[in-house]
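Asks: Protein chains in written order, with the UniProt record's numbering: chain A, 1 to 302; chain B, 1 to 315.
Where is the CB? At the ideal position from N, CA and C, for every residue including glycine.
On a predicted model such as this, the values are computed, not experimentally measured, just so you know.
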Amino acid sequence: MSEETVNPPVTAQKINPRIESYKQFWRRLLKNKAAVIGGLLIVFVVLMAFIGPWIITTFTDYRPNQTDLTNKLQGPSASNWFGTDSFGRDIFTRLIFGAKLTLYVGFLSVFIGGIIGVIFGIISGYYGGRVDAVIMRLMDVLLAFPGILLALAIVAVLGGSLTNVIIAVGIFSVPAFARVVRGSTLSVRKLEYVDAVRALGASDFRIIFKHILPNIMSPIIVQASLRIATAILTGAGLSFLGLGAQPPAPEWGAMLNEGRQYMFEAGHVALFPGLMIVLVVLAFNIFGDGVRDALDPKMKNR
Amino acid sequence: MTKYIIRRLIQTIPVLIGVTILVFSLMHLVPGDPAQIVAGEGASEQTVENIRERLGLNESIPVQYGRFLGNAVQGDLGSSVRSGRPVMDEIGSRFWVTVELAFYSTIVAVFLGLIAGIVSAVRHYTLADTSIMIVALFGLSMPNFWFGLLLIQWFAIGNWMPESLEFLKMRPSGWGDSWRQIILPVLTLGTGGAAIIARMTRSSMLEVIGQDYIRTARAKGVSERIVTYRHALKNALIPVVTVVGLEFGGFLGGAVLTETIFAINGMGRLTIDAIRTRDFPVVQGTVLVISVIFVLVNLLVDISYRLLNKRIDLN
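Structure (structure tokens):
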């Protein structure tokens, strides 16, 4: 070992603790094989969703809504890799075109729910007292509707469409974020550096966004990646019930619903959309678990 | 302890009130005139007016809510716009179908989940552990409605089934006549929960096994079996109890999908049918009933958690 590493010169470039901790996070994340596989799967699905349709329309004659009633409910073959549905549409093509819709539901709803939830959580944790009590009771009320029921009730009110599914699943995600963020805010708020910036005359707004938020990003990221998985499942469930994407949209949940009626003659119609959902949700779950392990201080140096 | 129960009961009241406000608001948050939407497009002026009258939509919102709450407390949830029957009668026996479905599913989830989680923790970092955790991850990532469809295909349609296994054939729809109808929906709903419980049990066990008193027990020569099952498991199960309660509630909500797939005439299917026909009083009724049960189950779980875990009692 050289002398330099043992005793670094004091004039060495300034170490930014935030960048250092990010670097450390990436190192740990890349060491976690499962997280890497999950991350690669997500990249693959995103590429498939956004480049796949372009490749298909540019290089082949397959179209997601092109019907061919003479060729309906055919099993997988060389010309229709995943077979055809009840209208003779190519299931593989439809799945590629539908990937985008699934990702929209996952990302947008978690984005909406995340922003609202983080705001509620920070306000709740930072101000405490009556504000906290009111916000948290409100979250309790939202959590009182088990599973898919809250999203279902919201879609029932707004009417069935993919946009409304995104809104409903977004609202459904709010309490999870609010609770996590409130907890983290509570633990950060009491730290000395927050007192210090307050003593320097920083406004509440500045303290919250400049000094608290960056320090509670880890739990927010973990929550977001795991939540996307739940959001995709919930959204697909609503479309499966006919309350989300409307035909002929190639949304995977809606495709499962269509395939359900042909279970006896053609099982493959309901098989492949489900497999795709499993693939995407699995990717986000593995990745989310990996991110959590990489960020969790308890897992450090293990 | 009594103090805790009373405080917890008092905390539940605002949540229940919040739930009724939200459920009440459902009808008023509908974009447009609720009476018109309930009546459907092309309904005559008179019909719309009658519906408005019947639903009490002419009065001020607070008065309407007051009446809604007052009636709901007395078990009157209004009447269905489509059939004209009281919502309570519509729910009637379907209530028990859904509760039964959720109950059996909870048993399956707890049974499978505990065994898998314990094996995983005891043999941790072995092939058994890895395989169980991979299966659990799949269970967590699988849409249960799709799993239900697969089960129907394999065990109810079962074209691949050799004749000698025909006795295993299940019925793809309905509820209650025989075990052949019950097993598939219960598996559909229960396996996802089993995955969650397995993961939870595993991590809880691992945490407990790492604690000092386990080392002490081992050091004084207690056999590994007794350490695992008597010392570790007992404490590891405490956090799992909370999940079981949440699962039961989740199954009540999840029944919406399972009942649709298996054509089970429970509250979930009633809700979906009501949403499709815009029968809002029925939607309100079922959502309210399911949520209130969920809140009460969680209350019971919290209290039993307290009873099991004496350490929290200190504060």
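Just by C-beta distance, which residues in the stretch 234 to 261 of chain B are closer than 7 Å to chain A?
Replies: Cβ contacts with chain A come from GLY249, GLY250, LEU252, GLY253, GLY254, VAL256, LEU257 and THR260.
Asks: Helix, strand or coil for PRO281 of chain B, going by three-state DSSP, please let me know.
Replies: Here residue 281 of chain B refers to the residue found at position 281 when the second sequence is read from its first residue. Note: PRO281 of chain B maps to helix in three-state DSSP.
Asks: Between which residues of its own chain and GLY174 of chain B is the CB-CB distance below 6 Å, once the five residues before and five after are set aside?
Replies: Locating residue 174 of chain B in the second sequence gives position 174, counting from the first residue. Here the set comprises GLN181.
Asks: Taking the straight line between their C-alpha atoms, what separation do you get for ARG7 of chain B and SER304 of chain B?
Replies: Taking the first residue of the second sequence as position 1, residue 7 of chain B is located at position 7. Taking the first residue of the second sequence as position 1, residue 304 of chain B is located at position 304. So the alpha carbons of these two residues sit roughly 14 Å apart.
Asks: Less than 9 Å between CB atoms is the rule here; does VAL36 of chain A satisfy it with respect to chain B?
Replies: Within the first sequence, numbered from 1, the residue matching residue 36 of chain A stands at position 36. So, not an interface residue.
Asks: Kindly indicate if chain B contains any beta-carbon less than 9 Å away from that of GLY83 of chain A.
Replies: Locating residue 83 of chain A in the first sequence gives position 83, where the first residue counts as 1. For GLY83 of chain A, the answer is no, since every Cβ of chain B falls outside 9 Å of its Cβ.
Asks: At a CB-CB cut-off below 8 Å, which residues of chain A make contact with SER291 of chain B?
Replies: Walking along the second sequence from the start, residue 291 of chain B turns up at place 291. Ordered by position in chain A, the residues that pass the 8 Å Cβ test against SER291 of chain B are ALA144, PHE145, PRO146 and LEU149.
Asks: Between PHE155 of chain B and chain A, is any beta-carbon pair separated by less than 9 Å?
Replies: On the second sequence, position 155 is the one that residue 155 of chain B refers to. No, because no Cβ of chain A sits closer than 9 Å to the Cβ of PHE155 of chain B.
Asks: Our contact map puts ALA236 of chain A next to GLY253 of chain A with C-beta atoms below 8 Å; I'd like the distance itself, whole angstroms only.
Replies: Position 236 of the first sequence, counted from the start, is the residue given in the question as residue 236 of chain A. Position 253 of the first sequence, counted from the start, is the residue given in the question as residue 253 of chain A. So it is a contact: roughly 3 Å between Cβ atoms.
Asks: Go ahead and pull the three-state DSSP assignment for THR84 of chain A.
Replies: As a position in the first sequence, residue 84 of chain A is number 84, starting the count at 1. Reduced to three states, the DSSP call for THR84 of chain A is strand.
Asks: Under the rule that 16 or more other beta-carbon atoms within 10 Å means buried, what is MET1 of chain B, buried or exposed?
Replies: Locating residue 1 of chain B in the second sequence gives position 1, where the first residue counts as 1. So MET1 of chain B ends up on the exposed side.
Asks: Select from B:LEU270, B:LEU288 and B:VAL119 the residue whose C-alpha is nearest the C-alpha of ALA198 of chain B.
Replies: One-based indexing of the second sequence puts residue 198 of chain B at position 198. The residue with the shortest Cα to Cα distance from ALA198 of chain B is B:VAL119.
Asks: Measuring straight from C-alpha to C-alpha, what distance separates TRP179 of chain B and LEU187 of chain B?
Replies: Your numbering for residue 179 of chain B matches position 179 in the second sequence. Your numbering for residue 187 of chain B matches position 187 in the second sequence. When rounded, the distance between both Cα atoms is 12 Å.
Asks: Which residues of chain B have a Cβ atom closer than 9 Å to the Cβ of ASN285 of chain A, listed in chain order?
Replies: One-based indexing of the first sequence puts residue 285 of chain A at position 285. Under the 9 Å cutoff, chain B gives LEU137, LEU140 and SER141.
Asks: List the residues of chain B whose Cβ lies closer than 8 Å to the Cβ of ARG27 of chain A, in chain order.
Replies: For the purposes of this step, residue 27 of chain A is taken as the residue at position 27 of the first sequence. Simply none; closest approach about 22 Å.
Asks: Looking at C-beta atoms only, is the number of pairs between the stretch 45 to 62 of chain A and the stretch 94 to 103 of chain A that lie closer than 8 Å three or more?
Replies: With a cut-off of 8 Å, the stretch 94 to 103 of chain A and the stretch 45 to 62 of chain A count as touching, because enough Cβ pairs lie within range.
Asks: Could you tell me how far apart the beta carbons of LEU140 of chain B and ASN32 of chain A are, in whole angstroms, since I believe they sit closer than 8 Å?
Replies: Translated into positions along the second sequence, residue 140 of chain B becomes position 140. Translated into positions along the first sequence, residue 32 of chain A becomes position 32. LEU140 of chain B to ASN32 of chain A, Cβ: 18 Å. No contact.
Asks: Alpha carbon to alpha carbon, how far is ILE119 of chain A from VAL280 of chain A?
Replies: Here residue 119 of chain A refers to the residue found at position 119 when the first sequence is read from its first residue. Here residue 280 of chain A refers to the residue found at position 280 when the first sequence is read from its first residue. The alpha-carbon atoms of ILE119 of chain A and VAL280 of chain A are separated by roughly 28 Å.
Asks: Residues in the same chain with beta-carbon distance under 8 Å from LEU314 of chain B, minus the five sequence neighbours each way, listed in chain order, please.
Replies: Position 314 of the second sequence, counting from 1, holds the residue named residue 314 of chain B. With a pLDDT of 44 at LEU314 of chain B, under the threshold of 50, the modelled position of that residue is not reliable, and the figure given next carries that caveat. So the list is empty, once near-sequence residues are dropped.
Asks: Output the distance between the C-alpha atoms of ARG63 of chain A and ILE56 of chain A, rounded to the nearest integer angstrom.
Replies: Here residue 63 of chain A refers to the residue found at position 63 when the first sequence is read from its first residue. Here residue 56 of chain A refers to the residue found at position 56 when the first sequence is read from its first residue. So the alpha carbons of these two residues sit roughly 8 Å apart.
Asks: Report the three-state DSSP secondary structure of PRO31 of chain B (helix, strand or coil).
Replies: Numbered from its first residue, the second sequence carries residue 31 of chain B at position 31. If DSSP states are grouped into helix, strand and coil, PRO31 of chain B belongs with coil.
Asks: Check for me: the alpha helix (DSSP H) holding ILE171 of chain A runs from which residue to which?
Replies: Counted from its first residue, the first sequence places residue 171 of chain A at position 171. Its alpha helix (DSSP H) spans residues 162 to 189.
Asks: Does THR126 of chain B have its Cβ less than 9 Å from a Cβ in chain A?
Replies: By one-based count along the second sequence, residue 126 of chain B stands at place 126. With 9 Å as the cut-off, THR126 of chain B does not count as an interface residue toward chain A.
Asks: Check this for me: beta carbons of VAL155 of chain A and VAL141 of chain A, under 9 Å apart or not?
Replies: Counted from its first residue, the first sequence places residue 155 of chain A at position 155. Counted from its first residue, the first sequence places residue 141 of chain A at position 141. The answer is no: Cβ separation not under 9 Å.
Asks: Are any of the Cβ atoms in chain B nearer than 9 Å to that of ILE123 of chain A?
Replies: Along the first sequence, one-based indexing puts residue 123 of chain A at 123. No, because no Cβ of chain B sits closer than 9 Å to the Cβ of ILE123 of chain A.
Asks: Spatial neighbours of PRO175 of chain A within its chain, please: C-beta separation below 6 Å, excluding the five flanking residues on both sides.
Replies: For this step, residue 175 of chain A is matched to residue 175 along the first sequence. Result list for PRO175 of chain A: MET139, LEU142 and LEU143, in chain order.
Asks: Interface residues of chain B around MET263 of chain A at Cβ under 8 Å?
Replies: By one-based count along the first sequence, residue 263 of chain A stands at place 263. Within 8 Å Cβ-Cβ: LEU149, ILE152, GLN153 and ILE157.
Asks: I'd like to check one pair, ALA195 of chain B with GLY113 of chain B: are the Cβ atoms closer than 9 Å?
Replies: As a position in the second sequence, residue 113 of chain B is number 113, starting the count at 1. As a position in the second sequence, residue 195 of chain B is number 195, starting the count at 1. Taking 9 Å as the Cβ cut-off, GLY113 of chain B and ALA195 of chain B qualify as a contacting pair.
Asks: Do VAL287 of chain B and PHE145 of chain A have their CB atoms nearer than 9 Å?
Replies: As a working mapping, residue 287 of chain B is identified with position 287 in the second sequence. As a working mapping, residue 145 of chain A is identified with position 145 in the first sequence. Yes; because the gap between Cβ atoms is below 9 Å, this pair is in contact.
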